[in-house]
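Undergrad: Below is a structure I'd like to ask you about.
In full-length UniProt numbering, the protein residues as written are 1 to 234.
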């Protein structure tokens with residue numbers, strides 16, 4: 001082989017070698033670019049993920065905070081309602097007690113009104129028998145007093161001496177009421193009855209404020225012909 005041929009072969013191989021190196025260099029650069037782009041995309045995606053995660057965590061934190069605030073407000077509302085309920089129950093009990101007290105007074109007043117409607121005092125001065133007839137003409141009779149409570153009540157109604165429905169006109173010393181029942185408990189003035197001058201009819205002696213007088217010591221026997229008003233009971 002001559003020198004010219006050898007030179008041509010070496011030259012050709014050199015060109016092929018350079019071309020291959022250039023080809024390999026271009027391929028490596030392309031891979032590096034692709035890797036760089038990929039890493040960039042991954043970084044972008046990671047950044048987006050981190051941002052979204054931060055937003056989500058922040059939103060959840062705000063939601064939890066809002067929930068806690070709502071729970072606290074709800075608990076405060078419950079406590080306030082409980083206090084209001086307790087106050088209302090206390091007020092209810094007070095109102096119930098007031099109502100019961102007022103109802104009791106109402107019943108007492110009704111009882112007094114009922115009692116008052118049963119009693120009336122004659123408007124004319126008459127003897128015991130005429131006063132009794134006055135009562136009977138009006139569907140009543142002279143009052144019968146057989147309890148301490150009734151004696152006190154009748155005493156509170158009068159402001160003068162009045163006839164009551166008690167006498168011993170039939171049998172001296174045996175006091176009987178107008179319904180023919182025998183006297184069991186009397187409310188006499190001191191020293192009465194004394195039957196002075198044939199005193200057979202009984203008056204309720206009004207001497208309120210005088211020494212020795214009391215609602216439970218106010219009966220006196222007098223002559224049945226004396227003129228005075230009578231207290232009638234229906």
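Ideal Cβ placement from N, Cα and C applies to all residues, glycine included.
In angstroms with no decimal places, state the Cα-to-Cα distance between residue 173 and residue 95.
TA: For the purposes of this step, residue 173 is identified with residue 173 of the chain shown, where counting begins at 1. For the purposes of this step, residue 95 is identified with residue 95 of the chain shown, where counting begins at 1. Roughly 57 Å separates the two Cα atoms.
Undergrad: How many angstroms separate the CA atom of residue 108 from the CA atom of residue 215?
TA: Translated into the one-based positions of the chain shown, residue 108 becomes position 108. Translated into the one-based positions of the chain shown, residue 215 becomes position 215. One C-alpha to the other measures close to 21 Å.
Undergrad: Which residue's Cα is closest to the Cα of residue 138: 230, 34, 38, 44?
TA: By 1-based counting over the chain shown, the position of residue 138 is 138. The shortest C-alpha separation from residue 138 is found at 230.
Undergrad: Can you find the residues in the same chain that come closer than 6 Å, C-beta to C-beta, to residue 128, ignoring five residues on each side of it along the sequence?
TA: Sequence index remark: in the chain shown, residue 128 carries index 128 (1-based). Closer than 6 Å at Cβ, skipping near neighbours: 163, 201, 224.
Undergrad: Helix, strand or coil: which one does DSSP assign to residue 10?
TA: In the chain shown, the residue the question calls residue 10 occupies position 10. Note that residue 10 scores 49 on pLDDT, short of 50, meaning its location in the model is unreliable and no value can be drawn from it.
Undergrad: Would residue 51 be called buried (16 or more neighbouring beta carbons within 10 Å of its own) or exposed?
TA: Mapped onto the chain shown, residue 51 falls at position 51. Flag for residue 51 reads exposed.
Undergrad: Threshold first: 4 residues or longer. Then list the alpha helix (DSSP H) segments lying entirely within the segment 123-191, N to C.
TA: Complete alpha helix (DSSP H) runs here, min 4: 128-136, 148-157.
Undergrad: Is the separation between the beta-carbon of residue 227 and that of residue 142 shorter than 8 Å?
TA: Taking the first residue of the chain shown as position 1, residue 227 is located at position 227. Taking the first residue of the chain shown as position 1, residue 142 is located at position 142. Contact: no.
Undergrad: The beta strand (DSSP E) that contains residue 200, what's its start and end?
TA: Position 200 of the chain shown, counted from the start, is the residue given in the question as residue 200. Run containing residue 200: none; DSSP gives neither H nor E here.
Undergrad: Can you say whether residue 134 is buried or exposed, counting buried as having 16 or more other CB atoms within 10 angstroms of its CB?
TA: The residue given as residue 134 occupies position 134 in the chain shown. Burial call: buried.
Undergrad: Can you check whether the CB of residue 206 is closer than 8 Å to the CB of residue 152?
TA: Start at 1 with the first residue of the chain shown, and residue 152 comes out as number 152. Start at 1 with the first residue of the chain shown, and residue 206 comes out as number 206. Not closer than 8 Å, so no.
Undergrad: Would you mind sorting residue 33 into buried or exposed? The rule is 16 or more other CB atoms within 10 Å of its CB.
TA: Residue 33 sits at position 33 when you count from the first residue of the chain shown. Residue 33 should be labelled exposed.
Undergrad: Leaving out five residues before and five after residue 232 in sequence, what residues of the same chain have Cβ atoms less than 6 Å from its Cβ?
TA: The count along the chain shown starts at 1 and reaches residue 232 at position 232. Cβ neighbours of residue 232 beyond the five flanking positions: 120, 135, 140.
Undergrad: By the three-class DSSP mapping on this structure, what secondary structure does residue 217 have?
TA: Mapped onto the chain shown, residue 217 falls at position 217. Here residue 217 sits in strand by DSSP.
Undergrad: Report the rounded CA-to-CA distance for residue 132 versus residue 123, giving the unit in angstroms.
TA: In the chain shown, the residue the question calls residue 132 occupies position 132. In the chain shown, the residue the question calls residue 123 occupies position 123. The alpha-carbon atoms of residue 132 and residue 123 are separated by roughly 13 Å.
Undergrad: Is it right to say residue 145 is buried, meaning 16 or more other beta carbons lie within 10 angstroms of its own, or is it exposed?
TA: For the purposes of this step, residue 145 is taken as the residue at position 145 of the chain shown. Buried.
Undergrad: Would a C-beta distance cut-off of 8 Å place residue 155 and residue 218 closer than the cut-off?
TA: Sequence index remark: in the chain shown, residue 155 carries index 155 (1-based). Sequence index remark: in the chain shown, residue 218 carries index 218 (1-based). Result yes, Cβ atoms of residue 155 and residue 218 sit closer than 8 Å.
Undergrad: Out of 181, 221, 185, 186, which has the shortest C-alpha to C-alpha gap to residue 197?
TA: Position 197 of the chain shown, counting from 1, holds the residue named residue 197. If we check each option's Cα against that of residue 197, 221 comes out closest.
Undergrad: Given residue 178, which residues of its chain have a CB within under 7 Å of its CB, disregarding the five upstream and five downstream residues?
TA: Position 178 of the chain shown, counted from the first residue, corresponds to residue 178. For residue 178, where only same-chain residues beyond five positions count, the Cβ hits under 7 Å are 132, 141, 142, 144, 165.
Undergrad: What ranges does the alpha helix (DSSP H) occupy inside the segment 26-64, keeping only unbroken runs of at least 4 residues that lie completely in it?
TA: With a minimum length of 4 residues, no continuous alpha helix (DSSP H) run stays inside the segment 26-64.
Undergrad: Helix, strand or coil for residue 233, going by three-state DSSP, please let me know.
TA: Here residue 233 is taken as the residue at index 233 of the chain shown, counted from 1. Looking at residue 233 - three-state DSSP - the assignment turns out to be strand.
Undergrad: Based on DSSP bridge pairs, tell me the residues matched to residue 71.
TA: Position 71 of the chain shown, counted from the first residue, corresponds to residue 71. Answer is none; residue 71 lacks a bridge partner.
Undergrad: Compare the C-alpha of residue 150 against each of 195, 185, 175, 181 and name the closest.
TA: Here residue 150 corresponds to residue number 150 of the chain shown, with the count starting at 1. It is 185 whose Cα lies nearest to the Cα of residue 150.
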